[in-house]
Amino acid sequence: MSAFLQFVQANGIIVPDTFTPGRWIRCKTESHPRKKNASIKLADDGLVGWCQDYAVHMEPLTWRAGDGAALAAPIDRAEIARRQAARRADLVNATHAARAAYAACAPLRDSHPYLVNKSLGVAGCVGLRVDAAGWLVIPMLYNGKVLSLQRISPDGEKKFHPGATTKYAYYAIERPGAVVTVLVEGFATGLTVFQAIPNSRVIVGFNAGNLALVAERMERRGMGVVCADNDHETEMRRGFNPGLDAARAAAEVLGVGVAFPTCEQGTDWNDYVMEQMELAHAGQRFSFSRKRTAIQIQTSVFADVKLKVMRAAQLMRAK
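Structure representation (structure tokens):
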């Protein structure tokens, strides 16, 4: 293992205090000592390993036991600096392109097919637009400025603006006098929670990896809670739950609780609402009691969401 770790160090990566073969480990680098900007992995048999500094290497470097030449990999500081400068320039250019694309879009009028399909309105939203292809365009903001865009097609396909950063970017769904701040992953989840909890404001982080970063910088008003995606199928296949893990990390930053849905098929709170509404409608077909309208069913399901989310917020507050 020591030869592999020497190889890692020779490529500008800081070896962590504890290291377990068989899985990827995130590490700091000499060029970015405050960030875990690299990954290393040693195979269980100790005969082959990989390392990658994401600011320098386009793909992982491979080490093999007995390959002494691998230890001589030189660190070209000038090349590292050049690549970092080029990467920063690419990010700046992509952000400018995202802002130009956003300016070219038309303001959203009334609603959008994606939102209609999910039984969602746009109350509390500012700055939503539609592009020439009919995709919903959501500005991803930082300090009030557009960093990137999320586009959503009428049938739910999602794309971020190519090359633009999503780090720390958010979208806020606001209302006056909110007494609870809710952090969520996806836009549809955000609108669902906003509609279900009348005294809430919602911050959308857009992806699991961004939740804790947004939590570090966001302004919390009143009580707080993170509404997680529950990637239960991923957990069954791979043994971990990205949505819940990310939500718990963000909740730790904020010092708040986590609420997560229990869906049959879906993963987020909008999926939960749609499933519960479908079950309620199906149940009425075999019931002789007074039929409820679609609005009454939705109101009942929203009340259930509110109860679950606010319970998580209040439990943490009581600790």
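If you count the sequence shown from 1, position 101 lands on 101 in UniProt numbering, and the numbers rise without skipping.
Don't be surprised by glycine CBs; every beta carbon is placed ideally from N, CA and C.
- Under DSSP, D53 takes part in a beta bridge, and its partners are A38.
- Contact between M277 and I295 does not hold, since the beta-carbon distance rounds to 11 Å and is not under 8 Å.
- Distances from the alpha-carbon of V137 to those of N143, G144 and C125 put C125 closest.
- For the pair of segments examined, the region 93–106 was found not to touch the region 115–124: the number of CB pairs separated by less than 8 Å stays below three.
- A straight line joining the alpha-carbon of V179 with that of G46 spans about 54 Å.
- When the Cα atoms are used, Q52 and Y171 turn out to be separated by approximately 32 Å.
- Per DSSP, the unbroken beta strand (DSSP E) holding P139 starts and ends at L136 to Y142.
- Counting C-beta pairs closer than 8 Å gives fewer than three between the region 190–206 and the region 229–237, which falls short of the contact rule.
- DSSP, read as helix, strand or coil, puts V126 in coil.
- Cβ contact annotation for F240 (same chain, cutoff 8 Å, sequence separation greater than five): T234, in chain order.
- Here F302 carries a helix assignment [DSSP, helix/strand/coil].
- Secondary structure of V48 (DSSP, three-state): strand.
- Note that the C-beta distance between I13 and F19 is not below 8 Å.
- Annotation: Y168 to G66 spans about 43 Å, alpha carbon to alpha carbon.
- I80 has its alpha-carbon roughly 23 Å from the corresponding atom of P162.
- Taking the CA atoms as reference points, L183 sits about 26 Å from L91.
- Apart from sequence neighbours up to five positions away, the residues of its chain that approach A215 with a beta-carbon distance below 7 Å are L183, A250, V253 and L254, ordered along the chain.
- Under the three-state reduction of DSSP output, L149 falls in the strand class.
- For G186, the number of other beta carbons within 10 angstroms of its own is at least 16, and it is reported as buried.
- If you ignore the 5 residues before and after C105, its C-beta comes within less than 7 Å of the C-beta of R129, V130, D131 and V137, all in its own chain and listed in chain order.
- CA-CA distance, N270 to K159, rounds to 19 Å.
- With 16 or more neighbouring CB atoms inside 10 Å of its own CB, T166 falls in the buried class.
- Counting only runs of 3+ residues, the beta strand (DSSP E) found wholly inside the region 151–207 occupies 158–160, 171–173, 180–184 and 200–204, in chain order.
- Under DSSP, W63 shares a beta bridge with G49.
- A distance below 8 Å separates the beta carbons of R151 and W135.
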